[in-house]
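Visitor: Protein chains in written order, with this note's numbering: chain E, 1 to 114; chain Z, 1001 to 1682.
We treat Cβ as the ideally placed atom computed from N, Cα and C, and that holds for glycine.
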Amino acid sequence: MTELSGENYAARCDVADHRVTLTGTLRLNGLAEYAPVVALLSEAAAGAASMTLDVSGLEFLNSSGIAVLSKFVIEARNRGDLALTIIGSTAIPWQGKSLQNLKRLMPSLSIELR
Amino acid sequence: MGEDGSSGGGWQARLRRVPIGRRISYTLIVYLLAVAVMVVSGWQVSLLTRSYREDSAALREQTRKITAIRHAIGTLGVLGDFFLRGGDTSMVAQFNVMAADLERDLLPFVDDAEALDLEPRRLQMSLEGYIRAFGDAVELSMSAHELYTGYLSSSEDLMRRRLLRLAEQSDLSPEMHETLLQARFEFSQARRAILAFMSSQEGLGAVPAVAGLRRVEERLRWAVTLDDRQDFSTDFQKADAVLQNMKQQIARIKMLADRRTKISQGFLALYNLGMNRSADRLVDLVAEREGAFQERLKRKMNVTLGITGVGVLFLLVAGFAASGLIARSIRDPILRLNAAMREVSEGNWERDLAEDEGSDEIAEMTGTLDVFKRNALRLRELEVEKREALAREKEETERALADLDVANHEIRMLNDRLNEENLRLGTELDVSRRLQRMLLPRPEELAEVAPLDIAAFMEPATEVGGDYYDVLADGDGVCIGIGDVTGHGLESGVVMLLAQSAVRTLVAAEEHDLPRLLDVLNRAMYQNIRRMGCEKNLSFALLDYRPRGADEALPADAAGRLHIVGQHESVLILRRSGELEELDTLELGLPLGLVDDIGAYTGVAVADLRGGDTVVLYSDGITEAADGAGNLFGVGRLKAELLRHAGDDAATVKDALIAAVRAHIGEAPVYDDMTLLVIRQK
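(1) If contact is defined by three or more beta carbon pairs under 8 Å, each pair taking one atom from either stretch, is the stretch 1530–1542 of chain Z in contact with the stretch 67–75 of chain E?
(2) Looking at chain Z, which residues of the stretch 67–96 of chain E have a Cβ within less than 7 Å of any of its Cβ atoms?
(3) Since L1250 (chain Z) and V1210 (chain Z) are thought to touch, with beta carbons under 8 Å apart, how far apart are those beta carbons, to the nearest angstrom?
(4) Taking a contact to mean a Cβ-Cβ separation below 8 Å, would you say T1304 (chain Z) touches V1040 (chain Z) in this structure?
(5) Taking just the CA atoms, how far does D1235 (chain Z) sit from R1162 (chain Z)?
(6) Residues of chain E with a CB under 7 Å from the CB of G1634 (chain Z): which are they?
(7) Contact between the stretch 1633–1644 of chain Z and the stretch 1593–1613 of chain Z is defined here as three or more beta-carbon pairs at a separation below 8 Å; is this criterion met?
(8) Between the stretch 1534–1551 of chain Z and chain E, which residues of the former have a C-beta closer than 8 Å to a C-beta of the latter?
(9) Given a threshold of 16 other Cβ atoms within 10 Å of its Cβ, counted over all protein chains shown, does M1142 (chain Z) qualify as buried or as exposed?
(10) K97 (chain E) to L1586 (chain Z), Cα distance in whole Å?
(11) May I ask you to verify whether the stretch 1522–1531 of chain Z touches the stretch 1492–1501 of chain Z, counting CB pairs closer than 8 Å and requiring at least 3?
(12) Say whether chain E places a C-beta atom closer than 8 Å to the C-beta of A1499 (chain Z).
(13) What does L1583 (chain Z) touch in chain E if you count any residue whose Cβ is under 8 Å from its own?
(14) Taking CB distances under 8 Å as the criterion, tell me whether R27 (chain E) reaches chain Z.
(15) Less than 8 Å between the CB atoms is what I'm expecting for L1335 (chain Z) and I1362 (chain Z), so what's the real figure, rounded?
(16) What ranges does the alpha helix (DSSP H) occupy inside the stretch 1201–1260 of chain Z, keeping only unbroken runs of at least 4 residues that lie completely in it?
(17) Listed from N- to C-terminal order along the chain, which residues in the stretch 31–50 of chain E have their beta-carbon within a distance smaller than 8 Å of any beta-carbon of chain Z?
(18) From which residue to which residue does the beta strand (DSSP E) around L1676 (chain Z) run?
(19) Return yes when the Cβ of Y1545 (chain Z) is within less than 8 Å of the Cβ of G1560 (chain Z), no when it is not.
(20) What's the gap between the Cα of R1680 (chain Z) and the Cα of A1650 (chain Z)?
(21) With distance defined between alpha-carbon atoms, name the residue in Z:Y1671, Z:V1653 and Z:L1594 nearest to T1623 (chain Z).
(22) Answer with yes or no whether the minimum CB distance from Y1468 (chain Z) to chain E is below 8 Å.
(23) Does any CB atom of chain Z fall closer than 8 Å to the CB of S5 (chain E)?
(24) Give me the Cα-Cα distance between E1667 (chain Z) and G1630 (chain Z), rounded to the nearest whole angstrom.
(25) If you draw a straight line from the C-alpha of S1170 (chain Z) to the C-alpha of V1207 (chain Z), how long is it?
(26) Does the CB of S63 (chain E) have a neighbour CB from chain Z at under 8 Å?
(27) Would Y1601 (chain Z) count as contacting chain E if we go by Cβ distances under 8 Å?
(28) Please list, in chain order, all residues of the same chain as S1155 (chain Z) whose beta carbon is under 7 Å from its beta carbon, the five residues on each side excluded.
(29) Tell me whether F1540 (chain Z) sits in a helix, a strand or coil according to DSSP, three-state version.
(30) On a CA-only basis, which of E:S5, E:F72, E:W94 and E:T23 is nearest T85 (chain E)? Give me that one, please.
(31) Say whether chain E places a C-beta atom closer than 8 Å to the C-beta of S1595 (chain Z).
(32) Can you tell me whether K1188 (chain Z) is helix, strand or coil according to DSSP?
(33) What is the DSSP secondary structure of F1083 (chain Z), reduced to helix, strand or coil?
(34) Rounded to a whole number of angstroms, what is the C-alpha to C-alpha distance between D1227 (chain Z) and S1233 (chain Z)?
(35) Would you mind listing the beta strand (DSSP E) stretches within the stretch 1445–1528 of chain Z that are 3+ residues and don't spill past its ends, in chain order?
(36) Are at least three pairs of beta-carbons, each pair with one atom in the stretch 1073–1080 of chain Z and one in the stretch 1260–1277 of chain Z, less than 8 Å apart?
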């Protein structure tokens, strides 16, 4: 279990379960500041056949954060053997469009909206 | 104050356990009791006095009645005596009335006989005896009187007439005449004696009467001797018979008189004596009784007054003592406390305040003051400790300061380095800002676009983001680009600059195949971003406007047509009629620079514009502008504000929308660049 937290947000990685949960408001500046989050996602995905990313508690994600997620999804698609599921929420504005973009980048991506 | 601490102290200790207010109440209660006792005693004395006055009056009345009876008895005795000595019968009636009155007056006393030593009973008996004896005497008198009037007086008359007739005889010898005269004289003397006897009713009165009659008898016997011819012997015999008869009658009357005398001198006198003695005794008894009563009453009064006086005095003394004790139980501890406090105030901190033994308000106060004192003492100790600690600290500080000088030097060096870095960052920020501004279309360029009324707004965040927009004239038409590079700072600014340059190049090269234009643009951006070694990308949409021309099959009322390519925020179209359309650009592309080939993700949307239709383009800095509580402005609010301005010119709409966004943000920080383009078909 690895955890990250900062002003207004928390990121938790359950390695055994291959599950990453992001909550709060993520407004980190640029990819450099997102590196720990990227590391967390990579850790969860490493050697796993399936993985779940739960963003249903993530109220806001800035464009850098969306770029990070996009990169991660493209990498997952390129790997080809990772069944990725993203759990989102219809009540959060940024997720509507961004999660659809992710689905377009990786058609096998499974999105569960709550 | 402590001289009688052994006895007063015990009391005081006991009193001190009682609250002061209740102690004062106790004093009041004692005084109230004293007053109550006085009032009750006074009332009792007045009751006693009144009953005394009543009883006394009753007794005096009895005395008065007894005295009256005494007098009546005296009067009755005199009356009886007087009657028996020759009173007439009217006295008998008077006697009877008086006697009846007396008997009646005496009755109440007889009922009360026990208290008066049976004396009234004796008096009653004497009275009855007296009345009875008097009655007997009266009866005897009456009988004697009857005898006299019935026989004796007529015999007298007969005798007187015989003697007169004898004396009037004409042939009487002078001697005879003389003797008869003497007989008549003697008879009149005898008659006077009889009258005296009758009136005195004394047995002894009969002696002169009988003697008188004997002298008459002797004269007549003498005359008989002188009557030698015996001419008057019959007359003399008759007269002698009358005389003998008279003597017999007198003897009978004497017998009655003797009996009466026996009664009057024996029974009557005896009863009268008894009566008088009883009456006297009764008067004495009643007087005695009254005296005893008065004596008793006086004693009772004295006892009552004595008890009352002693009680009141006791209560007053007790009350005085109690209030004195209570006053002292309040005053002493206060004085003690005051003295102790003065000592403490003069600096004797060793003085113990909490020696008080009570549990009342003063004891509480003393306890509180002691706490204050102890606190003050503790504070003083703390101050001393603090002063010592400060001295120690000062020593240490001086030592530390010497060490600090060394560290300070290092810090100053580090600080200098930091300042340099800040300067570099500040410069970078400044450069990014200038880069962003440098290539925005100028207002006159917007005005030159003949068929469209365009108003633009761009405000960078404190840390510049990567917003971009451009308006490029292209033959008859206009190309309008809008984009947003991820992240902030110089790198984002450079990526934006590259995008602007590439778009301008492609438009200048008259590339009208929009998917191809987007694809070329994406490749250029993808490769350049890779070269830059950063992982930026940008959302980007291009709107290609063509006015109504010969080669376009536009609807009759349309003034121009928009072709839209690339993924960005929604395109809002407010129709002149007031209808609002939201055109989603999600399916028209992907963020540029994310993947090398976006051909598969590209699409083109078409929208016809009629005169008065307004198109609004915005960056996510507008919809994601947050207020103090973190609520985003959102597309909803943007659309609602836009709907209020159907038909307004582009500048008015722009100003209204920006004002709404600013009102929403309030004092909250602006995180991202805000870009707004309002395009109105003229």
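Guide: In terms of the structure at hand:
(1) Under the Cβ criterion (8 Å, minimum of three pairs), the stretch 67–75 of chain E counts as touching the stretch 1530–1542 of chain Z.
(2) Per Cβ criterion, the list reads A67, S70, K71, I74 and P93.
(3) According to the sequence displayed, residue 1250 (chain Z) carries Ile and not Leu. The Cβ separation is near 6 Å, so the contact holds.
(4) No, the pair does not count as a contact, with Cβ atoms beyond the cut-off.
(5) Straight-line Cα distance between these residues: approximately 7 Å.
(6) Here the neighbours are P93.
(7) The stretch 1633–1644 of chain Z and the stretch 1593–1613 of chain Z do not touch, with fewer than 3 CB-CB distances between them shorter than 8 Å.
(8) Identification of residues in the stretch 1534–1551 of chain Z having a C-beta nearer than 8 Å to some C-beta of chain E yields C1534, E1535, K1536, N1537 and S1539, given in sequence order.
(9) Label assigned to M1142 (chain Z): exposed.
(10) If you take the alpha carbons of K97 (chain E) and L1586 (chain Z), they lie about 7 Å apart.
(11) Contact between the stretch 1522–1531 of chain Z and the stretch 1492–1501 of chain Z is present, because at least three Cβ pairs lie under 8 Å.
(12) Not closer than 8 Å to any Cβ of chain E, the Cβ of A1499 (chain Z) fails to qualify, so no.
(13) Neighbours of L1583 (chain Z) on chain E: none; closest Cβ ~13 Å, over 8 Å.
(14) By this cut-off, R27 (chain E) is an interface position.
(15) L1335 (chain Z) to I1362 (chain Z), Cβ: 10 Å. No contact.
(16) 1206–1226, all fully within the stretch 1201–1260 of chain Z.
(17) Those would be L31, in chain order.
(18) Element bounds for L1676 (chain Z): M1674 to Q1681.
(19) For the 8 Å CB-CB criterion, G1560 (chain Z) and Y1545 (chain Z) form a contact.
(20) Using only the alpha carbons, I get a separation of about 6 Å.
(21) A check of alpha carbon separations from T1623 (chain Z) across Z:Y1671, Z:V1653 and Z:L1594 identifies Z:Y1671 as the nearest.
(22) For Y1468 (chain Z), the answer is no, since every Cβ of chain E falls outside 8 Å of its Cβ.
(23) Taking Cβ atoms only, chain Z never reaches closer than 8 Å to S5 (chain E), which makes this a no.
(24) Taken atom to atom, the span from the alpha-carbon of E1667 (chain Z) to that of G1630 (chain Z) is near 12 Å.
(25) Whole-angstrom Cα-Cα distance: 35 Å.
(26) Contact of S63 (chain E) with chain Z is assigned, a C-beta pair being separated by under 8 Å.
(27) Closer than 8 Å: yes.
(28) Closer than 7 Å at the Cβ level, and outside the excluded window around S1155 (chain Z), lie V1242, N1245, M1246 and Q1249.
(29) In the structure shown, the three-state DSSP call for F1540 (chain Z) is strand.
(30) Comparing Cα-Cα distances from T85 (chain E) to each of E:S5, E:F72, E:W94 and E:T23, the minimum goes to E:F72.
(31) The sequence as given places Val at residue 1595 (chain Z); Ser does not occur at that position. For V1595 (chain Z), the answer is yes, since a Cβ of chain E falls inside 8 Å of its Cβ.
(32) In the sequence as displayed, the identity of residue 1188 (chain Z) is Ser instead of Lys. In this structure, S1188 (chain Z) counts as helix in the three-state DSSP scheme.
(33) F1083 (chain Z) falls in the helix class under three-state DSSP.
(34) So the two alpha carbons sit approximately 8 Å from each other.
(35) Here the runs fully enclosed are 1452–1459, 1466–1474 and 1477–1485.
(36) Flag = yes, the stretch 1073–1080 of chain Z and the stretch 1260–1277 of chain Z touch.
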